[in-house]
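Residue numbers for the sequence shown follow the numbering used here, so the first one is 1084 and each next one is one higher. Think of the CB as a built atom: it goes at the ideal place given N, C-alpha and C, for glycine as much as any other residue. The block underneath contains the structure these notes are about, expressed in structure tokens.
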Amino acid sequence: MTSSCRILLSHGLGVSLMADRLLVLQHLACEGPDLIADLALERGLAIEVFRTDRGDRLPDHTETHGSIALVLGGPMSTSDPLPWLQQELEWIRCRHQKQQPILGICLGAQLLAIAAGGSVEPLRVGEPPMPLKEVGYGAIHWLRNAEQEPVLRGMNPSETVLHWHGDRIRLPASATLLASSLHCREQVFRIAQHAFALQCHLEVSGPNLEQWIQEDRDYVIAAMGADGPEQLLQDWSRLHPQIELQARRLFSNLLDQWSHPLQ
1084 MTSSCRILLS HGLGVSLMAD RLLVLQHLAC EGPDLIADLA LERGLAIEVF RTDRGDRLPD
1144 HTETHGSIAL VLGGPMSTSD PLPWLQQELE WIRCRHQKQQ PILGICLGAQ LLAIAAGGSV
1204 EPLRVGEPPM PLKEVGYGAI HWLRNAEQEP VLRGMNPSET VLHWHGDRIR LPASATLLAS
1264 SLHCREQVFR IAQHAFALQC HLEVSGPNLE QWIQEDRDYV IAAMGADGPE QLLQDWSRLH
1324 PQIELQARRL FSNLLDQWSH PLQ
């Protein structure tokens, strides 16, 4: 990878970590690591951002020891015939097989599921089943507790999240389902202790949400109606303090689990 493909950020805290880098696979300029990047920097992790859709080469797995991978979302589908997307999928599959830490969000969660033997299909609800775009703020319900899953320490039985998808995941046999929503069963899952995934969004910042709405306004209106864009922004203003608090807890628990040697 050339230096032009690499963005490095670090607070230089000098903390002794098992992981020292966050490798971010980003697919859209306005869909970045946001809160997760803030938490990674607080822990002294360097951040490297890769845009394979723009020609960036992903690092060889022999070079990724001591890293955490974050695979973000995007408007593309896992079934789109995009060579760079297939390259990402193979990279994720290899990383999963090596049990190197990986966090997938939305599209990233879907790619992780496929890499581990699962599948992705359009989200359908009702009888007869009809396609549904799950967009807007809504609840997920945890199916396990903090005693079973230490990463859930400090979480409420239900959390408000941002939904923004029209597909669902069929989990691989190795996955443990952690949370569901009313319309989509597969919202949060893990595989062993090295892979964690969210179909929903907890990481997004207000400015980036505004950009999402601007760039995907027709999608929002199709899912929520003509008032959908304005409703999303109103809901963000009202809900984001509590959402950010709980998101910070969840992602902090996860990064700490991966960043520090087990005691």
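{"Item": "Between the Cα of residue 1110 and the Cα atoms of 1165, 1118, 1289 and 1102, which residue gives the shortest distance?", "Value": "1165"}
{"Item": "DSSP state of residue 1099, grouped into three classes?", "Value": "Model confidence at residue 1099 stands at a pLDDT of 35, short of 50, so the residue's coordinates are unreliable; what they give is reported in the following sentence. In the structure shown, residue 1099 sits in coil (DSSP, three-state: anything other than H, G, I, E or B)."}
{"Item": "Could you check which residue in 1312, 1327, 1276 and 1320 has the C-alpha nearest to that of residue 1337?", "Value": "1276"}
{"Item": "Can you confirm whether the stretch 1102 to 1109 touches the stretch 1122 to 1137 when touching is taken to mean that 3 or more C-beta pairs between the two stretches lie within less than 8 Å?", "Value": "yes"}
{"Item": "Apart from the five residues on each side of it in sequence, which residues of its chain come closer than 6 Å, Cβ to Cβ, to residue 1274?", "Value": "1199, 1257 and 1258"}
{"Item": "What does residue 1295 pair with, by DSSP beta-bridge criteria?", "Value": "Answer by DSSP bridge pairing: none, since residue 1295 is not bridged."}
{"Item": "May I ask whether a heavy atom of the ligand NAP can be found less than 7 Å away from the beta carbon of residue 1185?", "Value": "As presented, the structure is devoid of all ligands, the ligand NAP included, so that no description of it is given."}
{"Item": "Expressed to the nearest angstrom, what Euclidean distance is found between the alpha-carbon atoms of residue 1173 and residue 1118?", "Value": "27 Å"}
{"Item": "I'd like to check one pair, residue 1224 with residue 1247: are the Cβ atoms closer than 8 Å?", "Value": "no"}
{"Item": "Going by C-alpha to C-alpha distance, which of 1181, 1116 and 1112 sits closest to residue 1145?", "Value": "1181"}
{"Item": "Tell me residue 1243's beta-bridge partners as DSSP assigns them.", "Value": "1222"}
{"Item": "By a C-beta neighbour count over all protein chains shown, 10 Å radius and 16 as the cutoff for buried, is residue 1335 buried or exposed?", "Value": "buried"}
{"Item": "Are residue 1065 and residue 1206 closer than 8 Å when you measure CB to CB?", "Value": "The chain is shown only over 1084 to 1346; residue 1065 falls outside these bounds and no answer can be derived."}
{"Item": "Looking only at its chain, what residues have a beta carbon closer than 6 Å to the beta carbon of residue 1242, apart from the 5 residues adjacent to it on each side?", "Value": "1223 and 1329"}
{"Item": "Would DSSP call residue 1235 helix, strand or coil?", "Value": "helix"}
{"Item": "Between which two residues does the alpha helix (DSSP H) harbouring residue 1332 extend?", "Value": "1311 to 1342"}
{"Item": "Provide the residue span of the alpha helix (DSSP H) that contains residue 1178, from first to last.", "Value": "1166 to 1180"}
{"Item": "In chain order, what residues of the same chain lie with their CB nearer than 6 Å to the CB of residue 1095, ignoring the 5 residues before and after it?", "Value": "The predicted position of residue 1095 is uncertain, since its pLDDT is 37 and thus under 50; a value taken from the coordinates is nonetheless stated next. Taken in chain order, the list of residues that qualify is empty."}
{"Item": "Measuring straight from C-alpha to C-alpha, what distance separates residue 1340 and residue 1130?", "Value": "18 Å"}
{"Item": "Is it the case that the stretch 1290 to 1302 contacts the stretch 1232 to 1242, given that we only count it when at least three CB pairs across the two stretches are under 8 Å?", "Value": "no"}
{"Item": "Pick from 1280, 1287 and 1317: whose alpha carbon is nearest that of residue 1185?", "Value": "1280"}
{"Item": "Output yes or no for whether 8 Å exceeds the beta carbon distance between residue 1201 and residue 1252.", "Value": "yes"}
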